[in-house]
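Numbering (this note's numbering), first residue to last: 8 to 438.
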């Protein structure tokens, strides 16, 4: 093992993923001096992020060795870690995933990870991620894959079932759980300790404590009963019915609940707000490249909050640390979900790898909700890998947001047709 790792960032031309991950690396002393290679198919954006990286690298004194390429096969040889955040025309196609089902009367709340949108998203992104994994197997077989790409559970299941790549999937949504509990209890986030388990964007708070170790669930339930009923109404209903409070906020939990729209509404994702945010990031990057010292200081003032870089550092240095939320193969961590399911649970990370903690059994009703989604994920992966239209149809028919089989047939046909250029596995006839 060399003294410093080689880290490859695939999707680095994104205004968010590339710059924020670089900033986290520069601020992590254990990774100073690392070789970091940026990869993206969008050459212009990649050049801008590389230039930002050089500026922040100099200002931080991290002494990393930066390079960039549009060809991931040039970047991968010798890689120790491959951090991935990619998608096929994410915003434009996501809008279609949202609009097409809605037109046919399917009342889904986000259209990203569950429902017909989650299926369509996975059909495009599973082959993309598996292609990356094939190159990792050939060129960097000992590397760890750190995946941020959604739909998280479905993509990680594809990696687990169809490759030999070591992987972990990461999502920051437990942070929303902390904010919600903090708001309801009027207790600072720093004073709370949450243990959550389940599936990505569908985890449940199994243990809630204050920083001094006291069980805070009884007090939380008391405050919840008298707090504003319009705040996270779906999560309240789920807690009342199933006994545990979701850790992800209403919109993400609502992707897996058939009547979530009653509480969450049918507004979908805030694409306009997202685009404004991205534009602001590019403006900030331009200011850094123009020599704005204040903007440089802002970039280096704090870390992103994502856990990819701390996990890479712990794996590289052998530091023993507990992570609150990772997506890994279950292997008994949640006793009443399939062993080969992809679950989101706490884990210990060290030089030996990532070991999920045993969290025991979920309440029977919650386990049933999750098990249904695991089956949908399995069918989705089968469809995405083999171009299996029947598996895709079954995944839709099982989904709780689908009203009937006839609607599932119509929506699937239209989604496959709309995205035919990105779904070669289905062939011309299937599209």
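The C-beta atom is built at its ideal place from N, Cα and C for all residues, glycine as well.
Burial state of residue i (16 or more Cβ within 10 Å)
i, result
"residue 387", "buried"
"residue 278", "exposed"
"residue 51", "exposed"
"residue 332", "buried"
"residue 171", "exposed"
"residue 289", "exposed"
"residue 239", "buried"
"residue 363", "buried"
"residue 329", "exposed"
"residue 231", "buried"
"residue 306", "buried"
"residue 221", "exposed"
"residue 346", "exposed"
"residue 436", "Low confidence applies here, because residue 436 scores a pLDDT of 45, under 50, leaving its location unreliable; read the following figure in that light. The residue in question, residue 436, is exposed, as its Cβ has fewer than 16 Cβ neighbours within 10 Å."
"residue 337", "buried"
"residue 193", "exposed"
"residue 233", "exposed"
Reduced DSSP category for residue i - H, G, I as helix; E, B as strand; rest coil
i, result
"residue 438", "Summary for residue 438: the model assigns pLDDT 41, below 50, so the residue's position carries little reliability; its value from the coordinates is reported in the next sentence. Looking at residue 438 - three-state DSSP - the assignment turns out to be coil, as it is neither helix nor strand."
"residue 302", "helix"
"residue 311", "coil"
"residue 349", "strand"
"residue 410", "coil"
"residue 102", "helix"
"residue 296", "helix"
"residue 384", "helix"
"residue 113", "coil"
"residue 122", "helix"
"residue 361", "strand"
"residue 221", "coil"
"residue 43", "strand"
"residue 342", "coil"
"residue 328", "strand"
"residue 245", "helix"
"residue 253", "strand"
"residue 149", "coil"
"residue 440", "The first residue shown for the chain is 8 and the last is 438, placing residue 440 beyond what the model contains."
"residue 132", "helix"
"residue 84", "coil"
"residue 27", "helix"
"residue 226", "helix"
"residue 66", "helix"
"residue 276", "coil"
"residue 5", "Past the boundaries of the shown model lies residue 5; the chain is included only from 8 to 438, so the question cannot be answered."
"residue 430", "coil"
"residue 394", "coil"
"residue 10", "coil"
One or two residues paired with residue i in a DSSP bridge
i, result
"residue 91", "17 and 154"
"residue 201", "215"
"residue 176", "154 and 334"
"residue 416", "DSSP output for residue 416 lists no bridge partner at all."
"residue 76", "46"
"residue 206", "209"
"residue 354", "330 and 363"
Member of the options whose CA lies at the smallest distance from the CA of residue i
i, options, result
"residue 158", "262, 16 and 36", "262"
"residue 228", "243, 219, 220 and 238", "243"
"residue 176", "193, 136 and 131", "136"
"residue 150", "222, 83 and 284", "83"
"residue 81", "20, 112, 47 and 114", "47"
"residue 374", "366, 193, 344 and 389", "344"
"residue 370", "256, 346, 381 and 342", "342"
"residue 168", "140, 427 and 304", "140"
"residue 415", "107, 93 and 190", "107"
"residue 316", "132, 268 and 33", "33"
"residue 376", "407, 191 and 403", "407"
"residue 428", "127, 86, 79 and 24", "127"
"residue 282", "97, 155 and 66", "97"
"residue 10", "148, 412 and 320", "320"
Within-9 Å CB hit, residue i to chain D
i, result
"residue 192", "As a matter of chain content, chain D is missing from the structure shown, which is built from one protein chain."
Point to revise | At least 3 beta-carbon pairs within less than 8 Å: the region 35 to 54 vs the region 159 to 173 | key: Taking a cut-off of 8 Å for Cβ pairs, the region 35 to 54 and the region 159 to 173 do not touch, as fewer than three such pairs fall below it.
Check your understanding: Touch check for the region 339 to 352 and the region 195 to 211: three-plus C-beta pairs under 8 Å?
Key -> Judged by Cβ distances under 8 Å, the region 339 to 352 makes contact with the region 195 to 211, as three or more pairs qualify.
Check your understanding: Using 8 Å as the Cβ pair cut-off and three pairs as the minimum, do the region 356 to 366 and the region 308 to 327 touch?
Key -> Because the criterion of three Cβ pairs below 8 Å is met, the region 356 to 366 and the region 308 to 327 touch.
Review point. Any contact of the region 289 to 301 with the region 56 to 66, i.e. 3+ C-beta pairs under 8 Å?
Key: Cβ pair count under 8 Å is three or more, so yes.
Review point. Between the region 248 to 266 and the region 65 to 73, are three or more C-beta pairs nearer than 8 Å?
Key: Touching, no.
Check your understanding: So does the region 376 to 391 actually touch the region 93 to 102, counting three or more Cβ pairs closer than 8 Å?
Key -> With a cut-off of 8 Å, the region 93 to 102 and the region 376 to 391 do not count as touching, because too few Cβ pairs lie within range.
Exercise for review: Take every Cβ of the region 121 to 131, pair it with every Cβ of the region 182 to 197, and state whether three or more of those distances are shorter than 8 Å.
Suggested key: The answer is no - the region 182 to 197 does not touch the region 121 to 131, with fewer than three Cβ pairs under 8 Å.
Check your understanding: Would you call the region 420 to 433 and the region 392 to 401 touching, i.e. three or more CB-CB distances under 8 Å?
Key -> Enough Cβ pairs lie closer than 8 Å, so yes.
Check your understanding: Between the region 260 to 276 and the region 111 to 118, are three or more C-beta pairs nearer than 8 Å?
Key -> Judged by Cβ distances under 8 Å, the region 260 to 276 makes contact with the region 111 to 118, as three or more pairs qualify.
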